[in-house]
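Participant:
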Amino acid sequence: MATQMMRNALAGVSIHGISKSFDSAPILNGISLDIRDGEFLTLLGPSGCGKSTLLRIIAGLEQQDCGTIEVAGVKVDRLRPKQRDVAMVFQSYALYPHMTVSENMALPLKMRRLSAWQRLPVIGALLPKTCAVSAEIKTEVVRTAKALGIDHLLAHKPGQLSGGQRQRVAVGRAMVRHPAVFLMDEPLSNLDAKLRVQMRGEIKELHRRLGVTFIYVTHDQTEAMTMSDRIAVMLNGQLAQVASPRQIYACPADRRVAELIGSPKINLLEATARSEGLLTVAGSALAVDNKLDSGSSVTLGIRPESLQPAEWAGLNTLTGRLRYVEHVGADLFAHVDVPGSSEPLVARLPVELASNFQSDQIVHLQIRREQVLLFSADGRRVSEGDARVTPLRSYAQ
Ligand SMILES: Nc1ncnc2c1ncn2[C@@H]1O[C@H](COP(=O)(O)OP(=O)(O)O)[C@@H](O)[C@H]1O
Ligand SMILES: [Mg+2]
């Protein structure tokens with residue numbers, strides 16, 4: 000156990016230049032990523048972008064066309080899945096329906112610690128050491144099942160379990176091996192919304208308790224934002240950005256990342272630079288810190304919470320007609336049609352303001368200084384720092 004812990008303590012994962020095509024269609028295109036020992040890293044991206052393919056390559060279930068994978072500083076490209084110090088939890092859980100929970104959980108340990116002969120039903124038991132190893136495996140299965148609160152289910156078959164219980168068994172089957180790295184492929188996607196929230200917390204707690212590296216795949220931005228130390232955003236077979244959830248939200252590298260994170264989605268408005276530091280957008284004028292060439296086109300990104308009601312039209316204030324209001328408990332979402340945009344602008348406002356907002360009325364929304372982002376025509380964010388809207392006072396000086 001001590002050796003196991005020492006080995007686990009060094010278990011980062013390095014991915015270098017991984018590419019993969021299926022039927023000559025490129026799916027992964029030169030992915031490189033260093034995942035730190037003990038880190039909770041989430042691969043986030045839309046369905047079909049290649050997340051599962053990358054995870055399966057790390058597990059050894061799929062062969063890359065080029066590039067290398069290192070686990071704990073050791074190249075694993077030539078190792079079979081069971082020889083790699085990783086364990087995978089599949090989206091479908093992949094439990095064997097004819098085996099009990101106990102047998103399902105014991106399987107990876109049996110495959111690893113018993114020879115093919117020792118695994119034979121009758122002869123195996125007669126071979127030396129089979130009984131001792133089998134007893135150790137049983138103890139480990141029971142210990143893990145207790146830790147996950149499923150020890151009362153060990154004699155059940157998967158078909159007799161709820162979705163949440165099956166999910167725990169799948170996690171337990173990965174845990175019994177004490178892997179250095181957990182690979183989880185959308186493990187919560189088959190659960191209902193309430194259970195998903197609960198299991199999110201449980202997986203995070205499991206990560207904290209085990210202290211080993213987790214690589215977690217999801218298309219759900221809330222899961223990525225709430226669980227991860229860092230998020231790697233995958234788009235079109237490449238990594239668009241790798242950063243902490245806060246950085247990804249506040250400083251997205253490009254507009255596709257900005258659109259992927261945040262609910263409701265970030266507002267994107269086409270704007271034109273007029274004179275130094277001034278933009279026209281949706282018929283209004285906006286002062287920004289960035290120095291842009293006059294006449295150049297940019298896209299302005301404004302999060303729904305970066306807008307607040309204003310009494311008058313003016314600098315840094317957008318004016319439009321209220322389409323409708325959505326109530327979501329403490330907040331309301333005001334959908335406002337503004338000139339030059341086919342999509343309504345969405346503002347997140349305190350629910351106390353509901354009586355001030357009637358459909359079809361003209362409303363003014365002041366843009367908050369923080370979180371206003373500028374994207375160039377190629378989608379990249381214009382500058383490294385936030386493109387902050389200059390307050391009216393300093394602009395007038
Ligand atoms: N074994 C395979 N053969 C052919 N195409 C595949 C195979 N596995 C995945 N793909 C294709 O690769 C793309 C990425 O798949 P996948 O990695 O499962 O994406 P994600 O997990 O992000 O939804 C999809 O278009 C999928 O159809
Ligand atoms: Mg997938």
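End of the sequence shown sits at 396 in numbering that gives the first Met the number 0; the numbers just go up one at a time, nothing left out. We treat Cβ as the ideally placed atom computed from N, Cα and C, and that holds for glycine. All of these numbers come straight from a predicted model, not from anything done at the bench.
Just the C-alpha distance for ARG320 and ASP336, rounded to the nearest angstrom, thanks.
Facilitator: Linking ARG320 to ASP336 through their CA atoms gives a straight-line distance of about 5 angstroms.
Participant: Alpha carbon to alpha carbon, how far is ASP22 from ASP64?
Facilitator: 12 angstroms
Participant: Pop quiz: HIS15 and THR52 are said to be a contact at Cβ under 8 angstroms. What is the actual Cβ separation, rounded to whole angstroms?
Facilitator: Actually they are not in contact, since the Cβ atoms of HIS15 and THR52 sit about 16 angstroms apart, beyond 8 angstroms.
Participant: Return the residue from the list GLN365, LYS264, SER274 and GLY339 that minimises the CA-CA distance to GLY313.
Facilitator: GLN365
Participant: Considering only the alpha carbon of each residue, which of LEU78, GLU135, ILE122 and GLN90 lies closest to LEU106?
Facilitator: GLU135
Participant: Starting from MET198, follow the alpha helix (DSSP H) in both directions and report where the run begins and ends.
Facilitator: 192-209
Participant: Do ALA13 and GLU69 have their C-beta atoms within less than 7 angstroms of each other?
Facilitator: The residue asked about is misnamed: residue 13 is Ser in this sequence, not Ala. Yes; because the gap between Cβ atoms is below 7 angstroms, this pair is in contact.
Participant: Using the rule of at least 16 other Cβ atoms within 10 Å of the residue's Cβ for burial, across every protein chain shown, is GLN360 buried or exposed?
Facilitator: exposed
Participant: Compare the Cα-Cα distances from GLN237 to each of LEU42, ARG35 and GLU38 and report the closest residue.
Facilitator: LEU42
Participant: Below 6 angstroms CB to CB, which residues in the same chain sit around TYR92 once its five sequence neighbours on both sides are set aside?
Facilitator: ARG165 and ALA169
Participant: Does DSSP put PRO45 in a helix, in a strand, or in coil?
Facilitator: coil
Participant: Are the Cβ atoms of VAL350 and LEU373 separated by less than 7 angstroms?
Facilitator: No, the Cβ-Cβ distance between VAL350 and LEU373 is not below 7 angstroms.
Participant: Measuring alpha carbon to alpha carbon, tell me which residue in ARG79, SER161, GLY49 and GLY37 is nearest THR217.
Facilitator: GLY49
Participant: Using the Cβ count rule (16 or more neighbours within 10 Å means buried), how would you classify THR316?
Facilitator: buried
Participant: Are the CB atoms of ARG367 and SER305 within a distance shorter than 7 angstroms?
Facilitator: yes
Participant: Relative to the alpha-carbon of LEU291, which residue among SER274, THR298, GLY300 and ALA252 has its alpha-carbon at the smallest distance?
Facilitator: For the residues SER274, THR298, GLY300 and ALA252, the minimum Cα distance to LEU291 belongs to SER274.
Participant: Classify GLU342 as buried or exposed, calling it buried when 16 or more other Cβ atoms lie within 10 Å of its own Cβ.
Facilitator: A residue is called buried once 16 or more other Cβ atoms fall within 10 Å of its Cβ, and GLU342, having fewer, is exposed.
Participant: Please report how far the alpha carbon of ALA281 lies from the alpha carbon of LEU205, in whole angstroms.
Facilitator: Rounded to the nearest angstrom, the gap between the Cα atoms of ALA281 and LEU205 is 48 angstroms.
Participant: Rounded to the nearest angstrom, what separates THR138 and ALA346 at their Cα positions?
Facilitator: 56 angstroms
Participant: Return the Cβ separation of GLY11 and ALA71 in integer angstroms, given the expectation that the two are a contact with Cβ distance under 8 angstroms.
Facilitator: 7 angstroms
Participant: Can you tell me which of the three DSSP states ASP336 falls into?
Facilitator: strand
Participant: Among residues of its own chain, excluding the 5 on either side of TYR95, which ones have a beta-carbon nearer than 8 angstroms to its beta-carbon?
Facilitator: GLU102, ASN103, LEU106 and PRO157
Participant: With ligand 1 as the reference, list in chain order each residue whose Cβ lies under 5 angstroms from any of its heavy atoms.
Facilitator: PHE21, ILE26, SER46, GLY47, CYS48, GLY49, LYS50, SER51 and THR52
Participant: DSSP three-state call for LEU60: helix, strand or coil?
Facilitator: coil
Participant: Using the rule of at least 16 other Cβ atoms within 10 Å of the residue's Cβ for burial, across every protein chain shown, is PRO120 buried or exposed?
Facilitator: Exposed: under 16 other Cβ atoms inside 10 Å.
Participant: On the DSSP bridge assignment, give the partners of ILE214 in chain order.
Facilitator: LEU40 and LEU182
Participant: Counting pairs of beta carbons, one from the segment 73-87 and one from the segment 168-185, are three or more of them closer than 8 angstroms?
Facilitator: yes
Participant: Does the CB of ALA58 have a neighbour CB from chain C at under 7 angstroms?
Facilitator: The chain inventory of the structure shown lacks chain C, comprising one protein chain alone.
Participant: In whole angstroms, what separates the C-alpha of LYS81 from that of VAL232?
Facilitator: 28 angstroms
Participant: Can you tell me which residues form a DSSP beta bridge with GLU69?
Facilitator: According to DSSP, which records beta bridges pairwise, GLU69 is partnered with SER13 and LYS74.
Participant: Could you give the first and the last residue of the continuous alpha helix (DSSP H) run that contains VAL256?
Facilitator: 254-259
Participant: Within a Cβ cutoff of 6 angstroms, which residues of the same chain sit near SER243, ignoring the five residues on either side of it in sequence?
Facilitator: Taken in chain order, the residues that qualify are ARG229.
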